[in-house]
Amino acid sequence: MIDEGSDKLRDDVADPATWTVRVCTEKCTTCIFRPGNLMDLTPGRLAQMIRDAIANEGHIVCHSTLGTDAPAICAGYAAHPRGSAASLALRLVRAGVLTIQPVTPAAKDRPIPCSTSPLPPAPKRGRR
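In this note's numbering, each residue's number is its place in the sequence shown (first place is 1) plus 10.
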């Protein structure tokens with residue numbers, strides 16, 4: 011179960027050596043954005059995490075990357091239309107995002123294979 015008392019909106023997903031932001035290339039096997047509440051979140055918790063991240067121009071860190079040397083933005087959140095547009099990290103470095111494979115518990119001590127690839131363009135927003 012995810013520690014619902016912690017706020018993981020601003021974990022350090024930026025790599026200071028490469029000046030890029032790490033984003034998972036795909037949803038991990040227990041991603042909170044997969045159907046079925048695989049992380050046993052309380053009802054409404056995911057919606058609240060999304061609202062908080064959007065309101066704070068933040069992001070949601072993939073739980074499988076927490077506690078590693080390379081925390082990364084959750085692929086599910088990066089694909090969320092409002093999340094992708096609201097995240098300051100994703101907006102500022104869209105062209106230089108470093109994508110990684112999600113870490114499995116057994117692989118936490120091994121290097122994470124990485125590749126640099128841009129995210130798809132953010133959804134266009136109308137002018138007000």
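Quick reminder that beta carbons are idealized off the backbone N, C-alpha and C, glycines included. Since the structure is predicted, the reported quantities are computational estimates derived from the model, not experimental observations.
| Check | Outcome |
| --- | --- |
| CB-CB under 6 Å to S97, same chain, minus the five flanking residues each way: which ones, in chain order? | H69 |
| Give the straight-line distance between the Cα atoms of T30 and R101, rounded to the nearest whole angstrom. | 12 Å |
| Is it right to say G54 is buried, meaning 16 or more other beta carbons lie within 10 angstroms of its own, or is it exposed? | exposed |
| Taking I83 as the reference, which of C34, P26 and H90 has the closest Cα? | C34 |
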